[in-house]
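Presented below is the structure to which this report refers.
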Amino acid sequence: MAQVQAFLEQLHHEFKGISAGKLASYIPELARADPDWFGISMVTLDGRTFEVGDIAQKFTIQSISKVFVYGMALEDYGREKLLKKVGVEPTGDPFNSLIRLDEDSKRPDNPMINAGAIATTGLITGHHPAERLNRMLTMFQNYVGNEVFVDVSTFISERSTGHRNRAMAHLMLNFGMIDQPIEEALDLYFQQCSVLVTCHDLAVMAATLANQGINPVTGQRAVGAEHVRDILSVMYTCGMYNFAGEWAFRVGIPAKSGVSGGILAVVPNQAGIAVFSPLLDHHGNSVRGLRVFEALAQEYGFHLFDLSLGRCKFTSRD
Ligand code: GLN
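Count the sequence shown with the numbering used here and you get residues 184 to 501, in order.
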């Protein structure tokens with residue numbers, strides 16, 4: 184088995200020449216990214232960090248935020264109450280699909296598609312918008328271990344162009360799936376997507392989930408251990424858009440991607456891993472990111488069914 188740091192450097196070298204894929208452009212701010220940015224970061228539960236490339240470049244977290252806000256809603260509402268509002272069924276449709284709003288069940292399919300994420304964000308408790316935003320930022324800070332900020336220009340860019348998300352919220356309001364005031368829920372959703380992180384931050388956040396909710400670097404709890412299994416379950420089944428089934432088959436690590444080019448993945452009891460590279464395939468997943476994770480899963484036996492069958496070959500001491 185390859186030594187971890189050397190293997191990450193090898194993967195970075197091998198895949199940095201890939202120029203396939205496109206920058207997301209439907210949010211104008213995202214089109215300003217450098218297509219060459221490429222970082223890989225791994226944080227193990229014994230506090231070791233292995234990383235290479237653009238691991239300190241800041242970018243907006245985008246859809247990866249949905250994982251953590253879902254965790255917050257689980258804490259605010261409890262599992263059974265939340266399940267009545269937002270389902271856990273993968274859709275096989277793109278993340279921004281309008282057609283899967285199920286009028287009969289009165290709830291969006293899952294919290295990883297935009298409709299389900301907007302509904303989930305609308306449930307976050309707090310007396311006024313600033314209190315809800317502050318609670319959310321504190322939650323992110325506990326995962327990251329540092330202060331986090333909203334990128335104001337991305338927030339404004341999302342708010343002024345997010346007609347599809349606004350349409351979804353209106354449809355859900357019409358079906359009785361969410362309540363007023365939807366503009367406040369949408370603003371908070373656009374703000375959560377605009378939180379600035381680095382590839383290293385994402386690896387620490389993933390390592391926190393791999394460590395039953397305790398940040399392995401700061402020792403601080405970010406989410407109740409009783410919610411981690413539910414969070415990882417929806418990541419596993421719905422985290423990679425309409426590629427989630429193939430990802431589960433090929434890579435088999437609970438993960439979440441975002442349109443700014445990040446992928447965050449949780450190897451339970453072992454490590455958090457993140458890749459950042461903004462060129463996306465037609466599902467909206469980072470092209471280089473997919474290659475890195477396939478190679479890592481293969482090399483170290485990180486697929487959940489390798490882990491549970493005792494076939495994991497990873498040790499951070501290497
Ligand atoms: N802010 C983006 C949106 O709502 C997030 C999408 C994503 O990362 N898939 O469209």
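Built from N, CA and C at the ideal position, the CB exists for glycine as well.
Query	Result
Under 8 Å Cβ to Cβ from VAL400, same chain only, skipping five residues before and after it: list those, please.	VAL226, GLY230, GLY328, VAL387 and ALA390
So is the beta-carbon of CYS376 under 6 Å away from any non-hydrogen atom of ligand 1?	yes
Is the segment 231-250 in contact with the segment 453-464, if contact means three or more CB pairs nearer than 8 Å?	yes
Please list, in chain order, all residues of the same chain as TYR260 whose beta carbon is under 7 Å from its beta carbon, the five residues on each side excluded.	LEU306
Within the present structure, is the beta-carbon of PHE242 separated from the nearest heavy atom of ligand 1 by less than 6 Å?	no
Would you call ARG168 buried or exposed, if buried means 16 or more other Cβ atoms sit within 10 Å of its Cβ?	Missing from the structure shown is residue 168; the chain here goes from 184 to 501 and no further.
So within the segment 235-277, which uninterrupted alpha helix (DSSP H) runs reach at least 4 residues, ignoring any that extend past its ends?	248-260 and 262-268
As a quick check of your reading: which residues have a C-beta less than 6 Å from at least one non-hydrogen atom of ligand 1, in chain order?	GLN245, SER246, PHE278, ASN279, ASN297, GLU341, ASN348, CYS376, GLY441, VAL442 and GLY467
Does the distance from the CB of VAL417 to the CB of ILE436 come in under 7 Å?	no
Determine the direct distance from the alpha carbon of LEU447 to that of LEU392, and round the result to whole angstroms.	11 Å
In the DSSP assignment, find the unbroken alpha helix (DSSP H) run with GLY222 in it and report its ends.	Counting along the chain, GLY222 falls outside any alpha helix (DSSP H), though it belongs to the beta strand (DSSP E) covering 222-227.
To the nearest angstrom, how far is the alpha carbon of ALA350 from that of GLU482?	44 Å
Determine, using beta carbons only, whether SER377 and VAL333 come nearer to each other than 7 Å.	yes
DSSP on ARG404, reduced to helix/strand/coil?	strand
How far does the beta strand (DSSP E) with SER440 in it extend, from its first residue to its last?	438-440
Measuring alpha carbon to alpha carbon, tell me which residue in GLU477, ARG290 and CYS382 is nearest VAL434.	GLU477
Would you say ILE247 reaches chain D, if we count a Cβ-Cβ gap shorter than 7 Å as a contact?	Looking at the structure shown, chain D is missing, and only one protein chain is on hand.
Looking at VAL475 and ILE223, is the spacing between their C-beta atoms short of 7 Å?	yes
Secondary structure at ALA427, three-state DSSP: helix, strand or coil?	helix
Judging by CA-CA distance, which residue of THR381, VAL269 and LEU490 is the nearest neighbour of GLU330?	THR381
Does DSSP put THR344 in a helix, in a strand, or in coil?	helix
Give me the Cα-Cα distance between LEU213 and ASP219, rounded to the nearest whole angstrom.	14 Å
Less than 7 Å between C-beta atoms, sequence neighbours within five positions excluded: which residues of the same chain meet that for TYR253?	PRO294, THR303, ILE414 and VAL417
At which residues does the beta strand (DSSP E) containing VAL450 begin and terminate?	445-450
Tell me, to the nearest whole angstrom, how far the beta carbon of PHE251 is from that of TYR326; I am working on the premise that it is less than 8 Å.	6 Å
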